[in-house]
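If you count the sequence shown from 1, position 63 lands on 62 in numbering that gives the first Met the number 0, and the numbers rise without skipping.
Note that CB positions come from ideal geometry on N, CA and C, so glycine has one too.
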Amino acid sequence: MMPLTMAEAGREIRIRKIGGKDETRRFLESLGFVIGGFITVVSEINGNLIVKVKDSRVAISKEMANRIFI
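Below is the structure:
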């Protein structure tokens, strides 16, 4: 397992674990980040990511991305 920040852009990847406080996990789940779900990193700027999840694009900070494990 490795954090989402280490993912290669353009490849579809499966979420294996979501860390952090319950509040953080619920927030990420509301955006579509669920264990077993697939996401694609679209681009990365200074560690912050644009991610395609469930046919929409979401921008997440480096801190949030470090809590999502693939």
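| Check | Outcome |
| --- | --- |
| Compute the Euclidean distance between the alpha carbons of residue 32 and residue 67, then round it to the nearest angstrom. | 8 Å |
| Quick one, which of 59, 45 and 20 has its alpha-carbon nearest residue 30's? | 59 |
| Leaving aside the five residues before and after residue 36 along the sequence, list all residues of the same chain whose C-beta is less than 8 Å from its C-beta, in chain order. | 13, 14, 52 and 53 |
| Strictly by DSSP, which residues pair up with residue 60? | According to DSSP, which records beta bridges pairwise, residue 60 is partnered with nothing at all. |
| In angstroms, rounded to a whole number, what distance separates the CA positions of residue 71 and residue 25? | The chain is shown from 0 up to 69; residue 71 falls before or after that span and cannot be answered. |
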